Amino acid sequence: MSETNHVDLAGLDELPAKGFIVRSHGEVQVVLAKYKDEVYAVENLCSHAFARFDDGRLRGPRLMCPLHGACFDIRDGRALGRPATAPIRSFPVRVDAGRVLVAVGEPLTPA
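Position 74 of the sequence shown, counting from 1, maps to 928 under our numbering, and the rest follow consecutively.
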């Protein structure tokens, strides 16, 4: 993957110790979060009812949708709890010089 695929979405210091932030690149909204000193990025769109996670919660690696409580793994987008059964898009992340770089155009959605 070339460096040109990664876009700068935030400073590492902008990510809260608990919780997440949402950033946009074009029409894609991305949830950025830290878990165990790693940074992860998933699309800000629940696969169940297409709600945004803006008012949701992050507990450990579990990202919870505020609409119906569907849960997803922030590390890879896997659906962890009903009513969702399909994953959400997950994106490759790199941290360089304190900046969070995300390959928004290359999802890592699990098979």
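We put the CB at the ideal spot given by N, CA and C, even for glycine.
Bear in mind that the values here come from a model prediction, so they are computed numbers and not experimental data.
Residue i - containing beta strand (DSSP E), residue span
{"i": "Leu878", "result": "Here residue 878 turns out to be Ser, not Leu, going by the sequence shown. Unbroken beta strand (DSSP E) run through Ser878: Phe874 to His879."}
{"i": "Val949", "result": "Val947 to Asp950"}
{"i": "Arg913", "result": "Arg911 to Arg913"}
{"i": "Leu917", "result": "Arg916 to Met918"}
{"i": "Asp927", "result": "Cys925 to Asp927"}
{"i": "Gly935", "result": "Ala933 to Gly935"}
{"i": "Ala864", "result": "Val861 to Gly865"}
{"i": "Arg906", "result": "It is not in any beta strand (DSSP E) - Arg906 carries neither H nor E in the DSSP assignment."}
{"i": "Leu955", "result": "Arg953 to Val956"}
Span separating the alpha-carbon of residue i from that of residue j
{"i": "Arg948", "j": "Ala938", "result": "28 Å"}
{"i": "Ala864", "j": "Gly952", "result": "9 Å"}
{"i": "Tyr889", "j": "Val876", "result": "15 Å"}
{"i": "Gly923", "j": "Gly935", "result": "8 Å"}
{"i": "Leu917", "j": "Asn859", "result": "25 Å"}
{"i": "Pro920", "j": "Leu886", "result": "17 Å"}
{"i": "Val954", "j": "Phe904", "result": "25 Å"}
Cβ shell of residue i (< 7 Å), same chain only, five flanking positions each side left out
{"i": "Val958", "result": "Val861, His879, Val882, Val884 and Phe945"}
{"i": "Asp950", "result": "none"}
{"i": "Pro915", "result": "Tyr889, Asp927, Ile928 and Arg929"}
{"i": "Tyr894", "result": "Ala887, Ile928, Arg929 and Val947"}
Contact set for residue i: own chain, Cβ-Cβ below 6 Å, skip 5 residues either direction
{"i": "Arg906", "result": "Asn898"}
{"i": "Ser901", "result": "Ala938, Ala940 and Ile942"}
{"i": "Gly873", "result": "Leu912"}
8 Å CB neighbourhood of residue i in its chain, flanking five on each side removed
{"i": "Asp867", "result": "Gly952"}
{"i": "Ala871", "result": "Lys888"}
{"i": "Leu869", "result": "Ile875, Leu886, Ala887, Lys888, Val893 and Val954"}
Strand pairing of residue i, partner residues [DSSP]
{"i": "Ala895", "result": "Leu886 and Phe945"}
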